[in-house]
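Residue numbers (our numbering), protein chains in the order written: chain A, 1 to 303; chain B, 304 to 606; chain C, 607 to 1236; chain D, 1237 to 1866. Backbone N, C-alpha and C fix where the C-beta goes; we use that ideal spot for every residue, glycine too. In this text the structure is predicted, and so the values were computed from the model without any measurement. Read the structure below first, then the notes.
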Amino acid sequence: MELKPEWSDWCPGCGNFGILNAEQKAIQELGLDFKKVVIVSGIGCSGKIPHFLKIPISGVHTLHGRAIAYATGIKLSNPSLEVIVNGGDGDLLGIGAGHFVNAGRRNIDMTVIIHDNGVYALTKGQASPTLRRGDKPKSLPLPNISDNVNPIALALSAGYTFVARGYAYDVNGLKELIKQAIRHKGLAVIDVLQPCPTYNDIYTKEFYDKRVYYLSSEKDWDPVVRKPEEEGEKMAKAMLKSLEWGDRIPIGVFYQNELVSTYEERIVQQAPSYKDAYPANVEIEKDGKLLTLVDDILKEKKV
Amino acid sequence: MELKPEWSDWCPGCGNFGILNAEQKAIQELGLDFKKVVIVSGIGCSGKIPHFLKIPISGVHTLHGRAIAYATGIKLSNPSLEVIVNGGDGDLLGIGAGHFVNAGRRNIDMTVIIHDNGVYALTKGQASPTLRRGDKPKSLPLPNISDNVNPIALALSAGYTFVARGYAYDVNGLKELIKQAIRHKGLAVIDVLQPCPTYNDIYTKEFYDKRVYYLSSEKDWDPVVRKPEEEGEKMAKAMLKSLEWGDRIPIGVFYQNELVSTYEERIVQQAPSYKDAYPANVEIEKDGKLLTLVDDILKEKKV
Amino acid sequence: MRLNWLIGGQQGSGVDTSALVFGNALASAGYYIYGNREYYSNIKGRHSYFALTISDKRVRSFSFTVDILATFDAETLFQHFTEVKKVVIYNKSLEGTKVEYVQNMEPEIAEKVVSFLKERGYGSTVRDVVEYLKSKGVNAIGVDYDGIMRKVAEEVKLPLSVVERGKNTIAIGASYGLLGLGKGYLESAIRNVFKNETFVKLNTMSAELGMESVPVMFPLKEIPVKKERVQLDGNTAVAIGKIYGGLGFQSFYPISPASDESVYMQAHQEVWYVDPKTGDKRKKTVVVVQAEDELSAINMAIGASLTGVRAATATSGPGFSLMTEGVTWAGMNEAPVVITYYIRGGPATGQPTRTSQADLFFVMNAGHGEFPRIVIASGDHVEAFQDAVWAFNLAERYQTPVIHFVEKAIANAYSVIDLEELGLDKLRADRGDVLLSPPPDYARFKITDTGISPRAFLGSTSMFYTGDEHNEEGHIREASHVREAMYEKRLRKLETADREIPEEDRVKTFGDLDQKVVVVTWGSPKGAVLDAMEELNEEGIKFGVVQIRMFSPFPKNLIRKLLSGKEKVVDVEGSYMAQAGMAMKLFSGIEPTHYVLKWNGRPMGRDEVKEALKAVILEDRKKVVLHGGA
Amino acid sequence: MRLNWLIGGQQGSGVDTSALVFGNALASAGYYIYGNREYYSNIKGRHSYFALTISDKRVRSFSFTVDILATFDAETLFQHFTEVKKVVIYNKSLEGTKVEYVQNMEPEIAEKVVSFLKERGYGSTVRDVVEYLKSKGVNAIGVDYDGIMRKVAEEVKLPLSVVERGKNTIAIGASYGLLGLGKGYLESAIRNVFKNETFVKLNTMSAELGMESVPVMFPLKEIPVKKERVQLDGNTAVAIGKIYGGLGFQSFYPISPASDESVYMQAHQEVWYVDPKTGDKRKKTVVVVQAEDELSAINMAIGASLTGVRAATATSGPGFSLMTEGVTWAGMNEAPVVITYYIRGGPATGQPTRTSQADLFFVMNAGHGEFPRIVIASGDHVEAFQDAVWAFNLAERYQTPVIHFVEKAIANAYSVIDLEELGLDKLRADRGDVLLSPPPDYARFKITDTGISPRAFLGSTSMFYTGDEHNEEGHIREASHVREAMYEKRLRKLETADREIPEEDRVKTFGDLDQKVVVVTWGSPKGAVLDAMEELNEEGIKFGVVQIRMFSPFPKNLIRKLLSGKEKVVDVEGSYMAQAGMAMKLFSGIEPTHYVLKWNGRPMGRDEVKEALKAVILEDRKKVVLHGGA
Ligand SMILES: Cc1ncc(C[n+]2csc(CCOP(=O)(O)OP(=O)(O)O)c2C)c(N)n1
Ligand SMILES: Cc1ncc(C[n+]2csc(CCOP(=O)(O)OP(=O)(O)O)c2C)c(N)n1
Ligand code: SF4
Ligand code: SF4
Ligand SMILES: [Mg+2]
Ligand SMILES: [Mg+2]
């Protein structure tokens, strides 16, 4: 008997299906070399996504909260790979918040996708960091006691150079956003509003369908920093916009800035050999003989 | 022989002395009951501070990055205590960034003081998260490769309800800020510019002395949210202001909002008995006999 | 009398609820029950099942081989048909379903089923399975689920899609029908569980129609219930135990199979207590905080403990790995903190909803540096409750972290017990050496002979804590002689604990310890071992059973005494390396001679333990690896 | 010939540099040196010291009792005077300084000094100490530091405050003067260390004036140097070893005493290598990332390893505690990752800059769930270098995390060695079973007899990793039979490693193993044990020495073979619980009969180990606890 393809074990109607489809299509439409695409994910319903794609990418399903760290090691060792991080809101903004914030300081050329469903779904629906205070989705014994974190504002203040919000059921729009994020030179994040029909009976498809609108539909909305001077102002605008939540919920690109050098570029500046002789592109032995030369650095230790 | 008082083993000229003096004076001038004051600190040069006060407060010198977690447990178990957290920039914004961000969601009534010296001082001067890209203080072998995190912007986006910046050598000004922060109902943070003369030869006393200015010296600067409607605008203003860094560096209060309920108030809302019968104020046994009654909850399990 | 029953179905399709209803009905008919729940780390769609042993006497285990297998989907039949001995209830309209069509079944399982059937000359449909079962003498009862559903839908005037969920109630009804008990018990169980009137009606009807589709095959009589009884799962047992023990602060980060404990507490954060001054009954608040991660959870709890409250957290392997550093701080600062450690399958994310006993040596040694810690392990639901109190007493008396092991196999299983077994009145509080009004020269870490320093609480006077090595006042010190003295002071507490805690409390014995064979076990296998012992005794096979209840400090003398000179020391536990056996060897110098081990993520069933012990005792099999469980 | 010298002073006052200059001078005069550095977890002001043993032959240890004690402040004299046997150099102008005035000294130390002096009828000034020393036959040489400083200041035309730091160079000069070697070695050492001309001048002059203030008392002759020699501390030895071994990615989070390794690498991120295709010498980049915490550090390194690069991290106890969960993922996903673990004093923050061996059992068992890991421990600087390469080979061959222990006592000590000892040419690469061009149906976790699956790298084909239990393709699986098979496959690798790695590589022996006494040790005590053995041999006391180099898989057979039937098995190690002894007992069934242990945060000195072994061997002392070190 042939092994079957992996069965996506999400609940019927789950927003994760939308993200899966959008992401897969984005990869296909960009014409990426599948074997060079690595999807690194955290733990949660969301974290299972790499296993469910129907195209032969690679998947690294890591630990709860640590996907960004794995992705960093992978990308910097082999910058020729296309690295995408998928994680839950709990994964990336709760247990992983420290990595999320500090990744902003590096601006590595990769893409982070937040499955923002307001709950810790895989552990049965506790409040996630994006759930608002006072909300009481059905699995909470009491209304949520904590305020929510604002992923857009947090990403902006942390230094992400592409900050966007998407909506899981708008598969086409999300696909385009993911393509933009992947193409973006630098660290991109998309906060995807992802209904969890099983646990979150507040932020449902019905709730979002009538509220989301594209920033691009507002005339004058230009999130792209084209000159260094614009940086402060565009960031402040994006911040202010990120506070909008209620009858209207903006989706699309809040901020983009390609003027900031990537971490990879910064390494090259300090160590030009990184351009070609990056770690995964260098042989370290031949027939068991070690190829690295340490004579000169040992000489520094001569007495 | 009598035991000597603790010797402050910081380097001569260290900015930590200024913070120590300001904090100690603030506690004294507020007339706090010393034995009710608990200073919870992280690990680093900064983390040693509770041991060095000359007044009989209590000190809990915790683990690297975890001071906020300890403080949370202490404060919520015994809300009658005055809890102050002191930590390094590495401690609170590097390894502790996840707690720093998530604490904003709770708004517990306590004060966080960041000793912002741009370096991991106690481990011999590596770059801390607040050091700017390209900076090369003397202990770094190469210029700093990462961007800095902006503590003010981060605190704002995380939900802190009192956000300020102080300067370690302006002891009096800092003392007043600390008093304001302690008096503030809710979670307060002060980012204290703290020269480290041993490792950071960029952000020195000379550097700051000529650059810092008080926000309060700008007319029109009013960081206080007095009506819910003002929230977004004041926060956006504070954000924009937080980007100012160069010839002029603002210190003082960036944002204050007491309209947000504290975590303690939220507990009371859900469990009114918390007001008096909070954990540290309740006896659990008498002569070995357990006093808690579980008959009714066991009854729910009856078959 | 022990009747073994299993029901399965897709996660989220109501299997849990059905099993609950069925169990409740039988409990109110006077029976004791032990139920084990197996499920995937998935919310909807994967296979989950409940295995119950129903008995007229107290029962502590379940069996993988069952008398009655209740199914309503095809997968459950495919996954469990090899385990059924007497009756299988299946869905007639699925007879044509092939293994290969069940897309939510893991392909390796499908493959295994297909080749099992193929080897025996069968195809891969439900019908084939039924044929195979019949050939084995199993009574296969095909129930017309679809017909019944339609009938119910008509009656309650709801669309079929809503009524659909009643399928498992039909299976329950059919199972119940086999027993010949009055339908009143089942009906009131349904009423208790489904509060909504429509659902009560729907389910009652489904159950009745289910009952009517089967003959009575295992006639049971109701048993008069004399004592008050409760049904406790492991999570709830610990939660209530902690609350009874005076818990003031619990932090947690969601993780299977631990978080249900904390969520239960959140729902019960205000509890009654007796004010010792006035004697009045008053309400108090237990603070339950959902932390942002486990690093925060453990350190919040330690912080709380410094204020004098009983503080705890609950987690499982991945969470505890993250707590390791915090535990060392508690060790260094002599902070009494309790960590309830629900063992699940590791390493890494492993098998989040499956059981394991593989974390013992990790926990006994977790954290850099040497410091005392106490490690206890519950073997059943009553112990889970009592140990929650014990853990606080030990933590406060020895001012040290206490790790309390409860396996997934206990957490998500339940027992029906007599309330009096909990021994509420016998449980006492020991807060250790507490100074409510410390003197002006109070030193938190005073060096004493026992290693234990009088403990004052934050808020009562000036005091200092630090994770650095320190002097008696809690200030940082590096002097080598201070280091040495403090290091020894702390470790002396473990020696004090070892001296003070009766080894009889750390080891429990059962059966005939004078026999030449002794079985050593710990944690969840206890129930299977004891129940298997009863059955083996009846077959004339006798042995003693030793249950290790505490691993640090290890009851080395009593273990040595109980086990030396035995012909066979059989180690029954759930790890590859036989870790309790390693502990015995290390601390007592006694090594097991035989092993019964399991590491496939499923708890030990009474049936397989019984077979294994027979193989060890009668055939001298040195090592038996158990494989039970789909 | 072994000459023991110690210099101390306030941290940040240049003690390190002085010791370096002194060592360099003697090394260029042809001597071998072993130097140990002790310092507080503090940047400026606390007491630090360097203890050197200087020898005409290779030397591997230092001694707490010294021939020459070089001091320029009062504290160093107070802290170390009981350890000096022959000559003390002290600052004449401090004669009136009282212990009580030295505010940067920990009060408990001051207290100890005062009562020591008081008991012997002395007051508490420097003068009292000098008197006491004279009474003990120690030559106390008062040097006029202030006068010399003034002279130098005049000469170099710099303010006294700048020249001040030259004080320790005077102490160096005086120490050097005692040895009667030509001043050229010292002068060029000064030139090498202080590049700036003014400082060279200042220090040369200070040194000369220091030399002139003492007579020649330990005349040494220069030794012709035939072989190329290097001076290596532990951090650098590992750094260069890793680079030589082909390191591609190192992540770290600053922590004592580990971070110097990574900071060294940052400064050497571009290194030369030979392109195997062209034979050309080219530059390549080693990526060194300062992570935001250790959770990130370990997981970055594991991620990097999946791309096929040799990846590592370095940390110490608190950091490793945080890495525990990550290590389990590497275990589960068979990711080759190397963790260099610098043991410092625990628990918690403990004593960040002091040594320890107490983390052995933690590391052997760290992480929830069972999985193979390899644990090796270096005993000296040469091993630290070679083991860095070995660790990568083991990690890649067995596709598992390797933890490489290096204690603080090795990290911050240094040895002068012959370059050839490193055996550069003998060190080889073993990348294990690698598939550069994997077939289309590649399955990362193919089940094999050895447990080892051919490894392909990310980027070469589609492949899957997950911390959940998985099938051969790396997809999440819960089926009990898949669980069992994968669980066993992983653990089989440890059995394979145990079979393949010669036990002779895992255990080193020294001395005469046919004697009735065998000393077992591991890690940093090795040097002291071997050097003490040499000295004891001269006194006619003979024994064998067994050094354990690998703890997992444990070389159980060879240990059993070497130790069975011995009259005395003496365990020499740095923990309270004697953890290597526990490992021996657990794995080999052989328990030490005698113990020499230490847990005061200081490394073992040759002198104290020698005395202890005498007490054990000659007087049958069962357990000797060492206390050496201020
Ligand atoms: C260290 C650790 N802590 C806790 C868990 C348990 N856990 C599994 S999934 C999950 C949360 C999932 O929430 P989120 O990240 O929002 O993902 P979602 O399931 O909502 O997609 C948690 C806490 C874990 N696997 N590891
Ligand atoms: C888990 C852990 N990792 C690393 C360290 C080592 N460490 C001690 S202090 C310190 C950094 C201090 O920097 P910062 O927080 O900025 O404080 P500062 O010394 O600058 O005041 C580090 C990394 C530690 N103690 N624990
Ligand atoms: S629980 Fe929610 S997030 Fe998880 S699969 Fe179901 S619907 Fe999706
Ligand atoms: S190293 Fe810097 S921060 Fe630390 S004590 Fe010295 S001056 Fe202060
Ligand atoms: Mg979520
Ligand atoms: Mg700092």
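#### Entry: Sheet register partners of residue 166 of chain A (DSSP bridge)
A:192
### Message
Quick check on DSSP: helix, strand or coil for residue 611 of chain C?
### Response
strand
#### Entry: Nearest-angstrom Cβ-Cβ length linking residue 756 of chain C and residue 851 of chain C, presumed shorter than 8 Å
Actually they are not in contact, since the Cβ atoms of residue 756 of chain C and residue 851 of chain C sit about 53 Å apart, beyond 8 Å.
### Task
Check whether the Cβ of residue 423 of chain B lies closer than 7 Å to any Cβ atom in chain D.
yes
### Query
Any C-beta of chain A sitting closer than 7 Å to the C-beta of residue 802 of chain C?
no
### Message
For residue 668 of chain C, tell me which candidate among C:1067, C:697, C:932 and C:986 has the shortest Cα-Cα distance.
### Response
C:986
#### Entry: Members of the region 114-143 of chain A that neighbour chain C once the beta carbon cut-off is set at 8 Å
120, 121, 122, 123, 124, 126, 127, 129, 141 and 142
### Task
Would you grab the beta carbon distance between residue 1103 of chain C and residue 1216 of chain C for me? Rounded to a whole angstrom, and I think it's under 8 Å.
That pair is no contact at about 37 Å.
### Message
If contacts are defined as beta-carbon pairs under 8 Å, then residue 1291 of chain D and residue 1401 of chain D qualify, I think. What distance do you get, rounded to the angstrom?
### Response
No, residue 1291 of chain D and residue 1401 of chain D are not in contact; Cβ-Cβ is about 30 Å, not under 8 Å.
### Task
Leaving aside the five residues before and after residue 1534 of chain D along the sequence, list all residues of the same chain whose C-beta is less than 6 Å from its C-beta, in chain order.
1549, 1559 and 1562
### Message
Can you tell me where the beta strand (DSSP E) holding residue 560 of chain B begins and where it ends?
### Response
552-560
### Task
Quick one: using the 10 Å Cβ neighbour count with 16 as the cut-off for buried, is residue 1238 of chain D buried or exposed?
buried
#### Entry: Pairwise C-alpha distance: residue 1500 of chain D and residue 496 of chain B
29 Å
### Query
If you pair each beta-carbon of the region 1486-1505 of chain D with each one of the region 1518-1536 of chain D, do three or more pairs fall below 8 Å?
yes
### Task
Would you mind sorting residue 1824 of chain D into buried or exposed? The rule is 16 or more other CB atoms within 10 Å of its CB.
buried
### Where residue 616 of chain C falls, given that 16 or more other Cβ within 10 Å makes a residue buried
buried
### Query
On the three-state DSSP scale, how would you describe residue 1283 of chain D?
strand
### Query
Taking Cβ positions, are residue 566 of chain C and residue 695 of chain C nearer each other than 7 Å?
Shown here, chain C extends from 607 to 1236; a query on residue 566 of chain C therefore has no answer.
### Query
Who are the near neighbours of residue 1124 of chain C in its chain, counting only those whose CB is closer than 8 Å to its CB and skipping five residues on each side?
1149, 1150, 1151, 1152, 1168, 1169, 1172, 1174, 1175 and 1176
### Query
Quick one: which chain C residues come within Cβ less than 7 Å of residue 65 of chain A?
899
### Message
Below 8 Å, how does it come out for the region 322-335 of chain B and the region 481-497 of chain B: are there three or more Cβ pairs, yes or no?
### Response
yes
### Query
Taking only beta-carbon atoms, is residue 414 of chain B less than 7 Å away from chain C?
no
### Query
residue 778 of chain C to residue 590 of chain B, Cα distance in whole Å?
50 Å
### Task
Scan the region 1418-1490 of chain D and note each continuous alpha helix (DSSP H) run of 4 residues or more that stays entirely inside, going in chain order.
1419-1429, 1433-1448 and 1470-1480
### Task
Grab me the residues of residue 304 of chain B's own chain with a C-beta within less than 8 Å of its C-beta, minus the 5 sequence neighbours each way, in chain order.
The predicted model places residue 304 of chain B with a pLDDT of 39, which falls under 50 and marks its position as unreliable; any figure quoted below should be read in that light. Same-chain partners within the cutoff: there are none.
### Message
How far does the beta strand (DSSP E) with residue 1368 of chain D in it extend, from its first residue to its last?
### Response
It is not in any beta strand (DSSP E) - residue 1368 of chain D instead sits in the alpha helix (DSSP H) that spans 1362-1371.
### Query
Going by other Cβ atoms of all chains shown within 10 Å of its Cβ, with 16 needed for buried, is residue 96 of chain A buried or exposed?
buried
### Query
Any heavy atom of ligand 6 closer than 6 Å to the CB of residue 1231 of chain C?
no
### Message
Tell me the residue span of the alpha helix (DSSP H) that contains residue 1813 of chain D.
### Response
From DSSP, residue 1813 of chain D is part of no alpha helix (DSSP H); its letter is neither H nor E.
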